[in-house]
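So the sequence shown is numbered by our numbering: it starts at 5 and just counts up by one.
All residues carry an ideal CB built from backbone N, CA and C; glycine is no exception.
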Amino acid sequence: MHQLRSALVLGVTILVSACSSSGPGSASGPPGTGSGDGASVHEAGAGSGATSSGATAGGLASGGSAGTRIGGSGGGGSGASGGGGATSGGRADASDAASASDASGLGATIDGAAVSAWPVVNDYGARGPLMTQRDINIGPRAAYDIFRPTTLGPSPRKNPIISWANGTLFGIDRYQMLLDHWASHGFVVIAAHSQSTAGGTTHKEGIDWLVAENGRTASIYFGLLDTGAIGAAGHSQGGGATIAAGSNKPGPTGIVATLPLMPILSFETDKTIVTRQTAPMFNINATMDTRDPTGAVANQIYDGSNRELVQAAFIGIHEDAMSAAMHSPTLAWFRLHLMGDDRAKAMFYPDKMCGLCQDPAWKQVRYKNTP
């Protein structure tokens with residue numbers, strides 16, 4: 005009997021010990037519980053476009069349901085389900101999102117009282133930390149689409165503006181990955197539907213509309229756009245239109261930087277636009293461009309430019325304006341001039357030592373009127 009009583013006491017002691025060691029909050033409990041929510045709150049406080057569903061860094065934390073919206077307002081052409089990613093349509097768990105946030109500097113903006121500068125970029129070709137959306141059939145005559153961060157600002161941080169002009173035979177959908185790339189880094193990109201953009205009129209109308217929206221109290225853009233940081237870009241005929249906008253005839257006032265890709269000037273009636281630029285230009289050409297097989301257009305732009313010009317030839321064709329290879333240098337150009345990112349200067353300067361100069365995919369980087 006004595007032995008039986010001792011065995012019972014020992015059994016109870018072991019049972020009580022096991023229960024207490026596995027209770028809530030125990031150090032031996034499952035690791036990482038709740039990490040997804042933590043990452044989501046971190047991003048939401050940073051104004052990165054996070055939502056209550058856990059959207060972070062251009063995708064979703066675990067448990068989300070839709071990625072970057074491309075192809076329509078509310079559409080999800082390249083979205084991801086069951087976990088977001090740092091790249092469009094990619095995947096990343098909550099720890100990845102938190103790491104991206106910490107690395108970008110977004111964590112410094114959580115208190116909302118002192119919003120930090122735009123996140124530091126270490127890889128200009130990588131998708132930015134902000135979730136994006138495409139608003140279709142908007143702007144003047146509902147003839148534009150806008151690619152933008154889902155969450156603008158937050159105040160007092162303001163989003164720079166980029167206007168886009170299409171090539172003659174190419175609609176906006178052909179360029180959507182490039183425009184969305186810019187938006188993921190904080191730019192509001194307004195793109196005309198038109199494929200007849202010569203003269204720069206679509207640039208002017210789109211930018212003027214956004215500037216007006218920035219001052220309209222009922223607008224989602226009210227007070228959140230940087231109307232002193234406006235850029236213009238375009239491809240082919242749209243590249244010529246961008247040069248027209250840069251000459252301020254009839255382009256918008258206050259334009260800060262231009263970026264024509266594989267531009268064609270034959271559609272422009274004003275043949276003096278190249279010599280009357282009012283803003284720094286990054287001109288991208290293609291070495292096997294059938295629209296400019298001898299490089300005559302590139303030389304015309306180089307010879308006539310009267311403002312800061314960086315001109316680089318991509319080893320490729322006219323349609324490479326849609327290539328992912330354009331993401332890195334174009335973002336660097338606009339971050340340098342519209343966001344004050346001094347680190348982006350290394351992409352273009354100094355001669356022979358710059359990022360483009362040493363990239364085997366590019367050749368003949370040349371300069372005029374360097375600052």
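Reference residue i; option with closest CA among the options
{"i": "residue 330", "options": "343, 341, 316, 233", "result": "316"}
{"i": "residue 148", "options": "302, 167, 172, 294", "result": "167"}
{"i": "residue 289", "options": "283, 306, 180, 249", "result": "306"}
{"i": "residue 340", "options": "324, 235, 365", "result": "235"}
{"i": "residue 195", "options": "152, 131, 259", "result": "152"}
{"i": "residue 178", "options": "189, 197, 368", "result": "197"}
{"i": "residue 154", "options": "224, 201, 128", "result": "224"}
{"i": "residue 354", "options": "342, 365, 372", "result": "372"}
{"i": "residue 328", "options": "186, 174, 150, 375", "result": "186"}
{"i": "residue 358", "options": "144, 314, 243, 324", "result": "314"}
{"i": "residue 318", "options": "325, 366, 294", "result": "366"}
{"i": "residue 258", "options": "348, 157, 165, 130", "result": "165"}
{"i": "residue 131", "options": "143, 184, 150", "result": "184"}
{"i": "residue 161", "options": "191, 291, 332, 175", "result": "191"}
{"i": "residue 157", "options": "322, 369, 189", "result": "189"}
{"i": "residue 129", "options": "368, 338, 293, 320", "result": "338"}
{"i": "residue 200", "options": "163, 222, 176, 230", "result": "176"}
{"i": "residue 322", "options": "174, 204, 332", "result": "174"}
Per-residue burial, residue i [other beta carbons within 10 Å of its own, 16 or more giving buried]
{"i": "residue 123", "result": "buried"}
{"i": "residue 233", "result": "buried"}
{"i": "residue 220", "result": "exposed"}
{"i": "residue 159", "result": "exposed"}
{"i": "residue 270", "result": "exposed"}
{"i": "residue 344", "result": "exposed"}
{"i": "residue 356", "result": "exposed"}
{"i": "residue 146", "result": "exposed"}
{"i": "residue 28", "result": "Summary for residue 28: the model assigns pLDDT 34, below 50, so the residue's position carries little reliability; its value from the coordinates is reported in the next sentence. So residue 28 counts as exposed."}
{"i": "residue 216", "result": "exposed"}
{"i": "residue 287", "result": "buried"}
{"i": "residue 218", "result": "buried"}
{"i": "residue 334", "result": "buried"}
{"i": "residue 273", "result": "exposed"}
{"i": "residue 126", "result": "exposed"}
{"i": "residue 362", "result": "exposed"}
{"i": "residue 351", "result": "buried"}
{"i": "residue 310", "result": "exposed"}
{"i": "residue 364", "result": "exposed"}
{"i": "residue 348", "result": "buried"}
{"i": "residue 324", "result": "buried"}
{"i": "residue 246", "result": "buried"}
{"i": "residue 375", "result": "exposed"}
{"i": "residue 346", "result": "exposed"}
{"i": "residue 297", "result": "exposed"}
{"i": "residue 266", "result": "buried"}
{"i": "residue 294", "result": "exposed"}
{"i": "residue 73", "result": "Residue confidence is low: residue 73 scores 35 on pLDDT, short of 50, so the model does not pin down where it sits. No coordinate-derived value is stated."}
Per DSSP, cross-strand counterpart(s) of residue i
{"i": "residue 287", "result": "315"}
{"i": "residue 262", "result": "236, 285"}
{"i": "residue 150", "result": "139, 194"}
{"i": "residue 166", "result": "193, 235"}
{"i": "residue 230", "result": "164"}
Residue range of the unbroken alpha helix (DSSP H) whose run includes residue i
{"i": "residue 182", "result": "180-187"}
{"i": "residue 210", "result": "205-218"}
{"i": "residue 339", "result": "331-342"}
{"i": "residue 306", "result": "300-308"}
First and last residue of the uninterrupted beta strand (DSSP E) at residue i
{"i": "residue 137", "result": "136-142"}
{"i": "residue 241", "result": "Taken as a continuous stretch (DSSP letters only), residue 241 belongs to no beta strand (DSSP E), being part of the alpha helix (DSSP H) at 241-250."}
{"i": "residue 370", "result": "366-372"}
heavy atom of the ligand MG below 7 Å from residue i C-beta
{"i": "residue 210", "result": "As far as ligands go, the structure on display features none, and thus does not contain the ligand MG."}
- Query: Are the segment 203-210 and the segment 129-140 touching, with three or more C-beta to C-beta distances below 8 Å?
  - Reply: no
- Could you say if the segment 239-253 and the segment 169-180 meet the contact criterion of at least three C-beta pairs nearer than 8 Å? yes
- Task: Determine contact between the segment 268-283 and the segment 296-314, defined as no fewer than three beta-carbon pairs at a distance below 8 Å.
- Result: yes
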